[in-house]
Structure formats: C-alpha cells, structure tokens
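J.:
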Amino acid sequence: MAVCAHHCSLSGISGHHRRSSRSGDIIDRLIFFLGATLTKYPRKVACFAWSRLVFTILSISSPRARISDTVHSDPDNPSHHYNLALFIWEKGEAEPEDFKAKAVEHFVISAKLNPNNGAAFRFLGHYYSKVSIDTQRACKCYQRAVTLNPDDFEAGEALCDLFDDGGKESLEVAICREASEKSPRAFWAFRRLGYMQAHQKKWTEAVQSLQNAIRGYPTCADLWETLGLAYQQLGMFTAAIKSYGRAIELEDSKVFALVESGNILLMLGSFRKGIEQFRQALDIAPQSVAAHFGLASGLLGLAKECVNSGAFGWGASLLQEASDIAKASTGVSGNASCSWKLHGDIQLTYAKCFPWTDENQSLENEVAFRNSIFSWKRKLFLAAVSASHSYQRALHLTPWQANTYVDIAISMDLICSLEERSDPEPGAWQLPEKMSLGGLFLEGDNSEFWVALGCLSVHTALKQHALIRGLQLDASLAIAWAYLGKIYRRVGEKQLTALSFDHARSIDPSLALPWAGISSDFESGGCTPDEAYESCLRAVQILPLAEFQIGLGKIAVLSGHLSSPQVFGAIRQAVHRAPHYPESHNLNGLVYEARFDYQSAIASYRLARYAISNFASKTPESHICDISINLARAFCMAGNAIDAARECEDLKKEGLLDCMGLQIYAVSLWQLGKSDLALSVARNLAASVSSMDHVTASASISLIFKLLYHILGIESATSSILKMPRGLLKSSNISFIISVIDVLDHSNRLESVLASSRDSLTSHEEIAEMHSLIALGKLVKHGSEQILRIQNGVDHLRKALHMYPHSSLIRNQLGYLLLSSKESKDIHTVPRCTVIDPTGCQVIDGLVSAHEILGAAAVACNASRTTNPKLSFATCKDQYMHGRQGIQQMQRWLHQEPWNHNARYLLLLNFLQRAREERFPRHLCVTLERLVRVALDNEIYSKKDVSYQYQKFQLLLCASEISLQVRELISCIGHALHASRLLLPDSTLFFAHLLLCRAYAAQEDFPKLQEEYIKCLTLKTDYPVGWICLKLLESRFKLHIDMDTIYLNFEECLKENRSSWNVWMAVFKLVQGQSFIWDQDFLHAEEALAHGCSLADVDSCLFLCHGAICMELAKQQPGSQFLPLAVQSLTKAQETSPIPLPIVSALLAQAEASLGSRGEWERNLQLEWFSWPSDMRPAELFFQLHLLARQSKACPDSSFGVAFRQSPQRWILRAIHVNPSCSRYWKLLHKMKL
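When we follow the working numbering, the leftmost residue of the sequence shown carries the number 11, and every step to the right adds one.
1) Where does residue 186 sit, in a helix, a strand or coil, going by DSSP?
2) Thinking residue 489 and residue 522 are a contact (beta carbons under 8 angstroms), I'd like their distance in whole angstroms, please.
3) Please name the residue, chosen from 1146, 1121, 1128, that lies closest to residue 1159 on a Cα-to-Cα basis.
4) By Cβ distance, which residues of its chain are closer than 7 angstroms to residue 65, with the 5 residues on each side in sequence left out?
5) How is the alpha helix (DSSP H) around residue 442 delimited, first residue to last?
6) Would you be able to state if there are at least three C-beta pairs under 8 angstroms between the region 223-235 and the region 251-261?
7) Taking the alpha carbon of residue 624 as the reference point, which residue from 378, 1031, 750, 288 has its own alpha carbon closest?
8) Between which two residues does the alpha helix (DSSP H) containing residue 1083 stretch?
9) Rank 301, 1106, 361 by C-alpha distance to the C-alpha of residue 313 and give the top, closest one.
10) The alpha helix (DSSP H) that contains residue 623, what's its start and end?
11) Could you tell me the distance, in whole angstroms, from the CA atom of residue 813 to the CA atom of residue 909?
12) Out of curiosity, what's the CA-to-CA distance linking residue 665 and residue 527?
13) Pairing CB atoms from the region 399-410 with CB atoms from the region 344-355, are three or more of them under 8 angstroms?
14) Leaving out the 5 sequence neighbours to the left and right, which residues in its chain are closer than 7 angstroms to residue 227 when beta-carbon positions are compared?
15) Between which residues of its own chain and residue 956 is the CB-CB distance below 6 angstroms, once the five residues before and five after are set aside?
16) Our contact map puts residue 760 next to residue 751 with C-beta atoms below 8 angstroms; I'd like the distance itself, whole angstroms only.
17) Compare the Cα-Cα distances from residue 136 to each of 1201, 1135, 154 and report the closest residue.
18) Since I believe residue 999 is in contact with residue 1029 (beta carbons under 8 angstroms), could you give me their beta-carbon distance rounded to a whole number of angstroms?
19) If you draw a straight line from the C-alpha of residue 859 to the C-alpha of residue 780, how long is it?
20) Would you decide whether residue 559 is buried or exposed? Buried here means 16 or more other CB atoms lie within 10 Å of its CB.
21) Could you compute how far the alpha carbon of residue 1075 sits from the alpha carbon of residue 1105?
22) Since I believe residue 646 is in contact with residue 678 (beta carbons under 8 angstroms), could you give me their beta-carbon distance rounded to a whole number of angstroms?
23) Which runs of the alpha helix (DSSP H) fall wholly inside the region 156-182 and span at least 4 residues, in chain order?
24) For residue 1090, I'd like the list of residues in its chain whose CB is within less than 7 angstroms of its CB, leaving aside the five on either flank, ordered along the chain.
25) Look at the alpha carbon of residue 823 and the alpha carbon of residue 1004, and state the distance between them as a whole number of angstroms.
26) To the nearest whole angstrom, what separates the beta carbons of residue 545 and residue 517, a pair I think is in contact under 8 angstroms?
27) Need the endpoints of the alpha helix (DSSP H) that residue 577 sits in, please.
28) Are the beta-carbon atoms belonging to residue 986 and residue 965 less than 9 angstroms from one another?
29) Within a Cβ cutoff of 6 angstroms, which residues of the same chain sit near residue 238, ignoring the five residues on either side of it in sequence?
30) Below 8 angstroms CB to CB, which residues in the same chain sit around residue 636 once its five sequence neighbours on both sides are set aside?
31) Cβ of residue 1175 within 9 angstroms of Cβ of residue 1143?
32) Could you name the residues of the same chain whose beta carbon sits closer than 7 angstroms to that of residue 306, not counting the 5 residues immediately before and after it, in chain order?
33) Is the beta carbon of residue 1140 closer than 9 angstroms to that of residue 1163?
34) Considering residue 214, what are the terminal residues of the alpha helix (DSSP H) in which it resides?
35) Assuming residue 268 and residue 311 are in contact, meaning their beta carbons sit under 8 angstroms apart, how far apart are those beta carbons, in whole angstroms?
36) Suppose you measure from the CA of residue 35 to the CA of residue 148; what does that come to, to the nearest Å?
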C-alpha cells in the first residue's frame, strides 16, 4: 500500500511537471527506473529512494516552468503575468529578441489586468525604445509609468532622454516639474530639472531643484558642481566655493569646479587659494586654457598685492612665473586675444615694479653702480617692449577691442620714458597719443579713454581738454579731477588746484594722487609740515610710487619725521624703484643719519653723487653742494674727520662752501686737533652771521659757543656770551647752549643773560625741553662729583608737570630720574608718569626712550608680579607690573625697531623676570635661550665700551641661569666663567662668581663652591642683594669663615644709600632668621625677624614669618609670651598685605583660638576661606571649617557664614579628598560615623 501511495504521488508530480517540454522525458525515465528498483529492495530503502526522486524532480524543473504553471493555474492574476514576463525579459538579455517579444506579451496582459502597475509600462517603454524602436509608444509607456510612480527614476530618465533626443525640451521640463510636484522623493526629476534650469540660466530655480536633488544623490559630483555654478551666477560666492569644494572632494578630477572656484577666489582677492586651485587643475588637465589663464591671472593679482605692500622683489618673482605661464597659455590657446593681453599686462606690471638691488653698494665703485643701473633699466625696457608686442598681437586678433589701443599707448609711453628720448617737437603727435586716439575712435564716449589721453599727452592744452571731456562724460571720475589738479598746479593755478584735488578726494578717498598733491601745498603755506607729512604718508600707503616716497622724505626732513619707520621703509623702496634719481639716495642717507647709521649714510651719499654724475645731466650746483655737505657731515659724525675736512676743502676750492659747510669744517678741524684752524673757521663763520637768516645764524652762534667751550674753556665761552649783542641771543638753540654753560659755570655769571634768552622759547615743546635741561642742571649743580642730587631734579620736574601735564618729555625724564633714584617706592611710580608717544617721534639725543624706561622699571621691581596663584601670590601693588603688559610693550618696541639692541636686551630681561616668577617653565626657557643666542650674535657686543660689555655680562648670566634651571650644569658653568673674564669692575664680576657658587652647589662640588665663595668675599660688591644671596649660600652650605664678614660688607655698601637702609637691613634680618631656622634655633630666629619687622613695618612677608616663628615657640613653650606676639605680627601682616595673603588668617585664627577669642577665630577662618583660589584650598582649611561647622550646630543662633553651608561630615570628606594620606582625618571620620 505504501508503494502504491508513493507511486500515485510521484505520478501526480510527473503529471504536473509534464507540461515542461524539456524535463518531461527525464522525469518519466526516472519513474520507470525507480519502479523497477522498488521490487528488489526493502521498504525503508524504497522510501528513501522516493524522497530523493522528488527532490531531483523539483531541482530539474525550471523557474519559468513553475511560473508558467502558476500563470496557467491563475490566468487572471496580473502579478503572475508580470513575474513571468520579468523572468523572460531578464533571460532575454543574453538571448534572441523573440524572448523579449514573448515577455512583452505578458507585460501587456499584466498592464491590461492591472493598469496601475507602472513597472509593466516601464518595461514596455524599454521594449519600444530599444527593441522595436517605436519612439511614440515608448514615450507613452514611460509617461504612464512616471504618472503612476513619480519616483521611478529609470522611466523618468529614459523618457527625458527620448524628449531630449527629439528636441522636445519643454515636454522634458513639464514631465520633470510634474514628477517633482507629485513626490518630494522624485530626485531624478529634481536633478534633471536643475540641469535644464541651469542650462536655461534660470539660476534661482536651479538652486532649489539642485538642492532637492542632492538630498537623493549626495555623492553626485556633477550636482554639486552645477549647484556651485548656480550660486556663482547669483553672486553667492561663499556658497559657490563650498559647493565646488564638495564636488572636488567627491571627484578630484573636476577641472571645471577647480577653475571656477579659482576664479571666484581671485575675484574675492584670495589670490593664494585661487592659485592653488589652478595649479591642481593644471595637474589634472595640463592643456586646459582656462587653468593656464586663471593661474597667470592669480599670480598677477598676488604680485600686485605684494607690490602695493612694498615687496617689490617678491612681486617681480611672481610676475616672472606668471609670464611663463601666460606665454604657455598663448601656445595652447593659439589665437586667443585674451591670453596675449594677459601676457602684456604681466610684462607691463613687471616693467613698472622690477626693483634695483643695491648689492653693489658695498663696492662703492662708480663703474659698478652705473653698470647695475644700466642692467636694471635694460630689464625694464625689454619687459615694456614685450608688453607692447603682446598688446599688438592681441590687437591684431581683435582689432575691435578699443581698450587694447590704450594698453599699447601706455606701454609705448613707458618705453619712451625708459629710452629717455629728447623733448618732442612742438605740435608733433606722439605715438602714445595716436594709439589713445585709436581707442577713442572706436569708443568716443568712454570717459576712461579720455583720461588716458590726458595722462599720456605731452601737450598741456590737449591734456586739459581730454580730462575735461572725460569729466563731461562722467563727473564722478576722481582720477580725472586728480590729474586736472596736477595740471593746474604745474601752471600755478593754486585755487583751481585745491578745488580739483578736493573734488577727487571727496569722490574717492582711496586715490593716492590727491593726497600727494595736497601735501605739496606746504611750500606755499597752504598747510603745515605736519599736515603735509600726514597727507603724503597716506598717499604712499595707498600707492607706493617712487615719486610719492621721495616727496614723503623731503617733507619728513622739514617736519622732523626722518626717524619714523614709515619714512625709512618708503625711502628704501624709493631706492629700489628709482635708483637713478639722486634724491632717493640722498634722502636714504639722511634717513640713515637719523638712525645714527653713519656708515650706511656715507655709502648712500656716494651713490647719490654717482647718480648725479651719470644720470642727471641738468642738476643745479646747489644739489651737488648739498650732497657733498651731507657726505662731509656723515664723515664727521662717523668719526672720520680727515675725509670730512677733505670734502669741505674741495667745496672751498670750488667756492661752494656755505655756512653749513663752514660749521662742519670747523668741527672736523677741531676733531683733528687743529684747534687754531678750527677757531679761524669759527671767526669766519662769526663774521658772516649778520648776513645769515635767523635759523642759520642761531645754529652758527651755537656752534661757535660750543667750540669756544671745548677749545678755550668755560671762561672764554662765558665772556663771549656776555659780549654778544642781546639781539643775536634770542633763539631757542642759543638759549639751550647758554643754559648748559650756566650749569657748568658755578659762578653764575650768566644769570642776566638767561632770562632774556629764554624769552625766545614760545612753543610748549621748547619750554618742556628747557625744564628738562633745568632739572638736569640741578642734578649737577647741587651735587658732587660722586653723587648727583636726583631728588632736586625730581622736585623740579614734578612742579613742571603740573604746568605741562601732557608733556611726554617731562613725564619720561621724571620716570627716568625716579628709576635712577634706586628707591623701591619710586620704581612703582615710573609706569604711571611715563608715556609712549604713538607717533614714533625721534628721541632727543642723550635722553632715554619711554620704552627703555618702562622695560627697566619692570625689571627693577623686586616684588612678585605673577597673576597665577598656583605659582605664587603677587606682592607688587602697581597694576602695570601685573600680567604681560610690560613684555607686550617690549615686543612692540622690538618689532618697530628690530635693529635696536636695547629693545632686545630689555625684552630678554622681562622674559627672565616672568620666568623667575613662574618658576622657569620649559617654554619660557626655550624662548629665553633663543633670545640670548640671537642677542649674543650681535657684533655690537664685541666693542670694548663698558656699556656694551655690561649688557654682554648680563646676557651671559641670563644664559647661565637658564642652564642652571634646566639642569645643564656644564653649560651653566661655561657661561658664568665667560662672564667672569669680561673687563668689568669687581663689584659687577662678583655676580658671575656668585652664580658659579650656585652651579657648583647644584653639582655638589663643595671644594669649588668654597673657592668661589672666597672669590666673592675678595671681589666684594656695592649691591646689597649680592651680599644677601651670598649670606643664603653661606648659611645653607655652612661656608662660614668669619661670622661678621658678610654683615660688615653689607653695612658698608648701605652707607651710600641711607634712604633704603631700613628696607635692605630688614631683608638681611629675614635671611638671618632663615639661617637660624635651618639650625633649629627658633629663639634667635625670632629675635632676627623681630628686628626686621621693626625696620620695615610695611612688609607683610616679614610679619608672617615672625608670626609663624612665634606660633612655633608658643607650641614648644606653653604659657609663654609668644602667642600675643604672634597675634600682633599676623594682624600686621594681614593689614599690610596688598592682597589677601593665604595662611596668615589661618595662623591668626589658631592664635586667637589659643587665647580664647572665639569670635576672632571664626572671623579669621572666614577670611582664610576667601584668601585662597577655589581650586587651591588646602585640606587643613576644610578641617578647620569642620570644627567651625560643629560649633554652628552647638550654637544655632550664631552666624558662621561659609561653615554653615555644609555639614561637619561633608567638610571632613572634602579634607580627605584633598589629602587622603592624613590618618587624622580618617580617624575623625570614623568617630563621626560611630
């Protein structure tokens, strides 16, 4: 029965699968074979065989057969038809087309049975578009599919492709718009619509469509690129750059995105970033014309930026690279006019900015100078010719471009100026004029072309006509007004000149020419020299033109701004841009003189003389005389009196030795020791005083008095002053000379002359200078040879400051005298009275600058100025001393004057002060090492002058201190030994050996420590701090030789400074007390500290130490008198401290508690809580507050402030958290829990 059942089931299976034409025969054979097998084997084997047979039959039967059977079983089910058609379609991809035809039959049936099945219509569309090629039917099927399912991107894209191929763009847009409106997820429609809208330049709509499309295709680089283009066209450049950047991130070969983002960056002025984009584009597409053009344009823009900032050399190198790229672009693009025009622009800019390098200046050879100028001009000429040729090539390609004519005209005008052609014939048209007319012939209503004609023409009438015509076309053309003002100034029309420049400046304040034109009015009295200087400086800052820079230098000579950094930079640039102008080298020499660099000034004056002899054919003799006199003066100031006298003698032979030359001649002869000849020249100078102008006469008389004083002495100088007519003495310069001589004359014979001569002082500046001189006179006149009466000068300056509170000279000199007084209280007054002049005016010779005074004051303050309580607590009362303000001032000073060794020296000392306060952190040590290394490399410290040797000594000690702090002891000892060998007084060398003591102590080399200690005792010092430090070393390392030696030397050095005796002696007693503490001798320590407190009753640190020692003694000797002393000292420390000093209130609370004063105990604990920063409060403070909180529980009516905020147990937990190693806290916590 089982066999029959299996046979019946198998028959059913075979009958079901017999409809499959390929598998039917195989199944019949398997059934026959299995039936024969069942008669031979047992039942179990038969069952297994039947099951395997069923599996095999199901494996052999095809999916198509199964699906076909499903369709036959349910022919009205559209899904069965769709699945069968899909199967046949997929099989037909690699088989004949009749399979797709069969599939289409079922797709049609499925579509008829289910008209809402969009997928069936999509495949029908594929069939009609790719197989049967029936476009109309395909479009209908695709359109039906999209209508049913707007998200069907295959049908949508295929339909749009058919419309696009058929030129039916409007239908394509309609389909995409309809799909996008039906479904927000029809991303294909948004993408297609965005592309089409971008193509139609509907940028606003394109942005919205592309943004929606990107939500579905966030990694599609093309979408981001198109979105960037849309943003760019809408002027949303930042968004465009971001979109292009995203496209480049997704696909780094997007040349279009790179080029367009580069163009945007160039338009925004970000030339460096734009250049990077173009370089990347060229790496991908080396033949890209747009990338070549963009890179060359970016380099040109960056070069112009460099030129406008004064970096001519860098700009020229960028232009060379830009020229090469533009030339390559012309080879790639062929006949592209824009590439040739760009090459011409680059070459023209190069011809205008290529600088002359003064490398041959050190040779001082006229032939070499002439050859270098010719070589420089040759490069400019070739660049201008190349620019003209490129413009002509561009004009040949696009002769309708009017601006190319103007470009050719400008380049030809530059060529003519470089060739230095002779003056044109009157009435003859020049080639630049003709080319400008060519541009006007094409665009006669272009106002800028008329302005170009006005600038290039050599005829004044034509210039005026062209500029006025330009203004008729555009009255707001500032450049036309400016050049019109220049013409009016040349012909002497002052009113029209001022009116034109005012118009130009009001229209465009960023135009340089009006500011430069206004500054020239000072010659005619139109403005003051200071106003002219400010106007010309603004013109130079806007446009660094050599003519403007030379004009700025000339005005700076008259206004007293020669030492200004702006003038220095402008004149140096003028030398590089106009080396063939003698004025540029002459002004360069004057600037160097103002900076006391006389050797460089001499070299500049010689170059000015070479320029006159080679490149200035029509130079007046007065200019040659001025340069020779400047050269003689530079020789004289540099100490080269022989050459100075020789120059003056040459001028005398030529009859060009004027009053200024006579003054220099007299000084040089006096420097050479030829006093008789110097007096003879002085007599000649005196004989011609009556014919001099007032300024020259006063300078000559002042020099005569100086020579008389230095050669014949004070008696002769005084007699000459008394014999001089009073009318000739009414000059500010002479008044200063008389005041100085009166200071040196102890007989006071010039009192009658002083009053009348000082009447000539009218300005506040001159009066302030006189008060400064009077203060210095009181230092000298009322002092001795050894000691200056600084206090007398301070008193006078304080009175003068009340009359002239805004005088920076009086303030700074007062600060300097206070700094020199060596009084600690005066040091903190220095920053409040010293002011830095923001205009950068020159410091009067012999006086110290405000920067130097402030830097020295910050170093001289021996109190702690740290603002970081984790390192220490500030004890300095002056607010200026806190923070980094002093260091920032020194850094600003060094940035303004990088050549100033004093600026670097004081900056280094301020950094050392800060490092000391912050306990020498690593980063500050590295900074100090670098500063010391740079400072010691300065050649100035090779001089034998004592001031330079002293600075070198301090630098070496600084280097040694840094090495000691970073534990590089060998280097520390080396620097200290080097410092000890300098030729300085023993009082100074003492500190080098003191540092050696510290180094050997750190090295634990006690024999050498003892040796250096003995050397310190032998050398001695006049500075109390040296003996204090030596006393600390003596006590710490038991170096006693004679117990009173250091104390006696310390007292000896204090005799010269009695005003600070108490302060220094109090500090010495503090050191003595520390020594006794190291020896556990607390009684003697208390005596020493008590003595120190009696000497300095305002030092909180002394009172704190004394109070702490008294507490320790009270602990060792119960019931003694030390507790009241502790309370007294700690209270005094609390009152005198500039800030709430930690520990003081805690000790005072304990002392008051021991004396039974509960209220004071509570109050001082409250004060101690607020004395500490929140993150630094010690564990013992929390423990004390725990006790206070316990008292608050016992007395609920009392107010305990901070302690009442938390429970006693909470205070103990906080104490354990801060110091978990204290067993006392743990035991107390355990008791509280029990």
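Where is the CB? At the ideal position from N, CA and C, for every residue including glycine.
T.: Once the coordinates are examined:
1) The residue you call residue 186 lines up with position 176 of the sequence shown. Residue 186 falls in the helix class under three-state DSSP.
2) Start at 1 with the first residue of the sequence shown, and residue 489 comes out as number 479. Start at 1 with the first residue of the sequence shown, and residue 522 comes out as number 512. Their Cβ separation, rounded to whole angstroms, is 10 angstroms, which puts residue 489 and residue 522 out of contact at 8 angstroms.
3) The sequence position of residue 1159 within the sequence shown is 1149, counting from 1. When each option's Cα is compared against that of residue 1159, the closest is 1121.
4) Taking the first residue of the sequence shown as position 1, residue 65 is located at position 55. Residue confidence is low: residue 65 scores 43 on pLDDT, short of 50, so the model does not pin down where it sits. Its coordinate-derived value is still stated next. Excluding sequence neighbours, residue 65 sits near nothing in its chain.
5) By 1-based counting over the sequence shown, the position of residue 442 is 432. 441-452 is the span of the alpha helix (DSSP H), which, as asked, contains residue 442.
6) yes
7) As a working note, residue 624 is residue 614 in the sequence shown. If we check each option's Cα against that of residue 624, 378 comes out closest.
8) Here residue 1083 refers to the residue found at position 1073 when the sequence shown is read from its first residue. Residue 1083 -> alpha helix (DSSP H) spans 1071-1088.
9) Your numbering for residue 313 matches position 303 in the sequence shown. Comparing Cα positions, the closest option is 361.
10) The count along the sequence shown starts at 1 and reaches residue 623 at position 613. From DSSP, the alpha helix (DSSP H) with residue 623 extends over 608-625.
11) Position 803 of the sequence shown, counted from the start, is the residue given in the question as residue 813. Position 899 of the sequence shown, counted from the start, is the residue given in the question as residue 909. Taking the straight line joining both Cα atoms gives about 36 angstroms.
12) Taking the first residue of the sequence shown as 1, we reach residue 665 at position 655. Taking the first residue of the sequence shown as 1, we reach residue 527 at position 517. Those two C-alpha atoms are separated by around 36 angstroms.
13) yes
14) Residue numbering aside, residue 227 sits at position 217 when the sequence shown is read from its first letter. Result list for residue 227: 197, 201, 233, in chain order.
15) Working through the sequence shown from its first residue, we reach residue 956 at position 946. Closer than 6 angstroms at Cβ, skipping near neighbours: no residue.
16) Translated into positions along the sequence shown, residue 760 becomes position 750. Translated into positions along the sequence shown, residue 751 becomes position 741. With 8 angstroms as the limit, residue 760 and residue 751 qualify as a contact, their Cβ atoms being about 7 angstroms apart.
17) Along the sequence shown, one-based indexing puts residue 136 at 126. Minimum Cα distance to residue 136 is reached at 154.
18) By one-based count along the sequence shown, residue 1029 stands at place 1019. By one-based count along the sequence shown, residue 999 stands at place 989. With 8 angstroms as the limit, residue 1029 and residue 999 qualify as a contact, their Cβ atoms being about 6 angstroms apart.
19) Along the sequence shown, one-based indexing puts residue 859 at 849. Along the sequence shown, one-based indexing puts residue 780 at 770. Whole-angstrom Cα-Cα distance: 18 angstroms.
20) Working through the sequence shown from its first residue, we reach residue 559 at position 549. Buried, by the Cβ-count rule.
21) Position 1065 of the sequence shown, counting from 1, holds the residue named residue 1075. Position 1095 of the sequence shown, counting from 1, holds the residue named residue 1105. Cα-Cα distance, rounded: 7 angstroms.
22) Residue numbering aside, residue 678 sits at position 668 when the sequence shown is read from its first letter. Residue numbering aside, residue 646 sits at position 636 when the sequence shown is read from its first letter. Going by Cβ atoms, the distance from residue 678 to residue 646 rounds to 5 angstroms, so yes, they are a contact pair.
23) 163-175
24) Taking the first residue of the sequence shown as position 1, residue 1090 is located at position 1080. Taken in chain order, the list of residues that qualify is empty.
25) Taking the sequence shown and counting its residues from 1, one reaches residue 823 at position 813. Taking the sequence shown and counting its residues from 1, one reaches residue 1004 at position 994. Cα to Cα, residue 823 sits roughly 34 angstroms from residue 1004.
26) For the purposes of this step, residue 545 is taken as residue 535 along the sequence shown, with counting starting at 1. For the purposes of this step, residue 517 is taken as residue 507 along the sequence shown, with counting starting at 1. No, residue 545 and residue 517 are not in contact; Cβ-Cβ is about 17 angstroms, not under 8 angstroms.
27) Here the question's residue 577 lines up with position 567 in the sequence shown. First-last of the alpha helix (DSSP H) with residue 577: 575-587.
28) The residue given as residue 986 occupies position 976 in the sequence shown. The residue given as residue 965 occupies position 955 in the sequence shown. Not a contact, by the Cβ cut-off of 9 angstroms.
29) As a first step, residue 238 is located in the sequence shown; it is residue number 228 there, counting from the start. Excluding residues within five positions, the ones whose Cβ falls inside 6 angstroms are 250, 253, 254.
30) Taking the first residue of the sequence shown as 1, we reach residue 636 at position 626. Closer than 8 angstroms at the Cβ level, and outside the excluded window around residue 636, lie 596.
31) Your numbering for residue 1175 matches position 1165 in the sequence shown. Your numbering for residue 1143 matches position 1133 in the sequence shown. Not in contact: residue 1175 and residue 1143 (Cβ atoms no closer than 9 angstroms).
32) Counting from 1 along the sequence shown, the entry for residue 306 is found at position 296. Here the set comprises 332, 335, 336, 339, 352, 356.
33) Looking up residue 1163 in the sequence shown gives position 1153. Looking up residue 1140 in the sequence shown gives position 1130. No.
34) Residue 214 sits at position 204 when you count from the first residue of the sequence shown. Here the alpha helix (DSSP H) through residue 214 covers 213-226.
35) By 1-based counting over the sequence shown, the position of residue 268 is 258. By 1-based counting over the sequence shown, the position of residue 311 is 301. Not really, about 17 angstroms apart at Cβ, beyond 8 angstroms.
36) Position 25 of the sequence shown, counting from 1, holds the residue named residue 35. Position 138 of the sequence shown, counting from 1, holds the residue named residue 148. With a pLDDT of 49 at residue 35, under the threshold of 50, the modelled position of this residue cannot be trusted; read the value that follows with caution. The alpha-carbon atoms of residue 35 and residue 148 are separated by roughly 42 angstroms.
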